[in-house]
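Trainee:
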Amino acid sequence: MSIKNRGILRMRGRDKALIAMALTMVMMLSGCSSSQTDNLLDSGIKYIQDHEYQKAKETLEKALTQGASEHDCCRALGICSLEQGDYDSAIEYFKTALSSGNGIIHDVDFDTNFYLAKAYYLNDDYSDAISVYNAILNLRKNDKNAIYMRGVCYLEQGDHDLAMTDFQTVMKLDPKGYDRIIEIYQLLADNGYEDEGIEILEGVRDQNHMTNYELGQIAFYLGNNAQAQNYLELARNEKSEMDKSPIILLLGQTGEKQGDYNYAISVYKSYLEENGEHAEIYNRLGLCEMQMAVSYNDISYYSMAINDFEAGLALNDPNENQALLRNEITAYEYTGDFETANSLMSTYLSLYPDDEEAQREAVFIATRI
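Take a look at the structure:
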């Protein structure tokens with residue numbers, strides 16, 4: 001997995017929160033007027049929240065032509081384009097939003113700059129992203145997010161030393177920010193510097209001041225799966241209002257890494273039965289069931305996996321849809337149902353045309369019909 005993909009995977013939860021906060025900020029700035037333009041702007045934002053990006057784009061563009069705030073519309077259109085993977089358009093929308101202000105820098109402008117930098121980063125424009133982060137840091141010199149992401153960009157450029165300087169600064173500013181420290185470990189490991197990453201994890205392990213979940217995370221990424229399982233079981237059973245899906249995902253994977261797929265399946269199913277639906281957990285459950293099909297030479301497990309992949313897809317989580325659909329296709333292939341696999345692959349490639357591995361797989365599937 002590339003540095004970039006790993007970074008995106010690790011930042012998903014934070015990104016969802018940031019996008020929700022950004023959209024809420026736009027709605028607050030647009031006011032509560034009942035005018036047609038404000039209604040269009042609010043409707044466009046609601047479409048983004050519901051992942052209906054084409055409707056969002058059409059509605060926001062209409063609001064813009066009818067005189068709605070250029071700043072608010074372009075900001076929302078930038079977020080829409082970012083979610084659609086149209087990074088060039090996102091960049092232009094965010095730049096327009098920033099240039100349409102009154103010259104006074106507000107919190108919303110910092111937030112928009114973060115989104116502009118993210119669009120540059122995802123578009124492989126690392127130098128431009130670094131320039132934006134530098135601009136943010138000129139005004140907010142200790143902004144941990146800007147320093148961290150600048151370090152990520154340096155690492156993408158192959159500048160290990162500058163990246164480490166930023167990562168060390170982040171860890172000094174927030175020595176108990178364990179989620180971020182784990183992200184740094186994973187980025188270093190993916191780029192060939194795992195020994196440095198392990199040294200960082202071992203340096204922050206503190207049994208007296210870390211939660212069971214934090215200790216479980218550190219043990220997991222250090223490869224101590226049995227120890228991680230013990231800590232994560234304790235974390236799972238703690239009375240807490242926090243979302244326990246991250247605990248469950250890691251706990252299940254401790255079983256997977258030890259080849260105990262029955263345990264992992266039990267962990268995932270218990271969560272789904274007790275807490276409702278979760279796309280990523282459905283995906284991991286399906287993957288475990290496919291492993292069980294191999295272990296027991298029992299094709300019925302593929303049918304279970306297909307059902308779980310479909311349950312995950314029904315939730316329409318944009319962060320999981322691609323993996324779920326791709327895994328469903330694979331499961332159908334293993335059942336020997338190449339016609340359904342071929343049909344789903346056509347849908348998949350219409351949604352994700354740049355997946356070269358899937359393009360090659362499509363050729364193979366076509367030969368089996």
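Residue numbers are given in full-length UniProt numbering: position 336 of the sequence shown equals residue 336, and the series is strictly consecutive.
Using N, Cα and C, we set each Cβ at its ideal position, and we do this for glycine too.
1) Any idea if residue 242 is buried or exposed, counting beta-carbon neighbours within 10 angstroms, 16 or more meaning buried?
2) Would you check if there are 3 or more beta carbon pairs closer than 8 angstroms linking the region 304-321 to the region 270-286?
3) Is the separation between the beta-carbon of residue 57 and that of residue 40 shorter than 7 angstroms?
4) Would you kindly report the start and end of the unbroken alpha helix (DSSP H) that includes residue 357?
5) Since I believe residue 38 is in contact with residue 68 (beta carbons under 8 angstroms), could you give me their beta-carbon distance rounded to a whole number of angstroms?
6) Find the nearest neighbour of residue 129 within the set 342, 166, 152, 139, judged by alpha-carbon distance.
7) Once you ignore the five residues that flank residue 87 on each side, which residues in its own chain have a CB closer than 6 angstroms to its CB?
8) If residue 144 and residue 174 are in contact, beta carbons under 8 angstroms, what's the gap, nearest whole angstrom?
9) Could you check what DSSP says for residue 264 in three-state terms: helix, strand or coil?
10) Can the beta-carbon of residue 369 be found less than 7 angstroms from the beta-carbon of residue 339?
11) To the nearest angstrom, how far is the alpha carbon of residue 365 from that of residue 125?
12) Which value, in whole angstroms, describes the spacing of the CA atoms of residue 45 and residue 76?
13) Can at least three beta-carbon pairs, one atom from the region 182-195 and one from the region 218-229, be found at a separation below 8 angstroms?
14) How many Å lie between residue 262 and residue 301 at the Cα?
15) Of the residues 97, 209, 250, which one's Cα is nearest the Cα of residue 71?
16) For residue 195 and residue 179, I'd like the C-alpha separation in whole angstroms.
17) Give me the Cα-Cα distance between residue 358 and residue 324, rounded to the nearest whole angstrom.
18) When you compare only the Cα positions, how much space is there between residue 211 and residue 235?
19) Tell me which residues share the same chain as residue 226 and place their Cβ nearer than 8 angstroms to its Cβ, disregarding the 5 neighbours each side in the sequence.
20) Since residue 373 and residue 252 are thought to touch, with beta carbons under 8 angstroms apart, how far apart are those beta carbons, to the nearest angstrom?
21) With a CB to CB cut of under 7 angstroms and the five nearest residues on each side skipped, what residues in its chain are close to residue 333?
22) Look up residue 330 in the DSSP assignment and say whether it is helix, strand or coil.
23) Going by DSSP in three states, residue 175 sits in which element: helix, strand or coil?
24) Output the distance between the C-alpha atoms of residue 310 and residue 322, rounded to the nearest integer angstrom.
25) If distances are taken between C-alpha atoms only, which option among 60, 66, 82, 54 comes closest to residue 319?
26) Measuring alpha carbon to alpha carbon, tell me which residue in 42, 95, 117, 269 is nearest residue 409.
27) Considering just the uninterrupted stretch of the alpha helix (DSSP H) at residue 122, what are its terminal residues?
28) Between residue 335 and residue 217, what straight-line distance do the alpha-carbon atoms span, to the nearest angstrom?
29) Can the beta-carbon of residue 132 be found less than 7 angstroms from the beta-carbon of residue 147?
30) Given this structure, state the Cα-to-Cα distance separating residue 363 from residue 197, to the nearest angstrom.
31) Pull up the distance between the alpha-carbon of residue 79 and that of residue 308, whole angstroms please.
Mentor: A quick look at the data gives this:
1) exposed
2) yes
3) no
4) 356-367
5) 7 angstroms
6) 152
7) 119, 122, 123
8) 6 angstroms
9) helix
10) yes
11) 36 angstroms
12) 7 angstroms
13) yes
14) 12 angstroms
15) 97
16) 19 angstroms
17) 13 angstroms
18) 8 angstroms
19) 254, 258
20) Outside the shown range of the chain, which is 1 to 369, sits residue 373, and nothing can be said about it.
21) 341, 365
22) helix
23) coil
24) 12 angstroms
25) 82
26) Residue numbering for the chain in the displayed model covers 1 to 369; residue 409 lies beyond these limits and cannot be assessed.
27) 107-122
28) 36 angstroms
29) no
30) 40 angstroms
31) 30 angstroms
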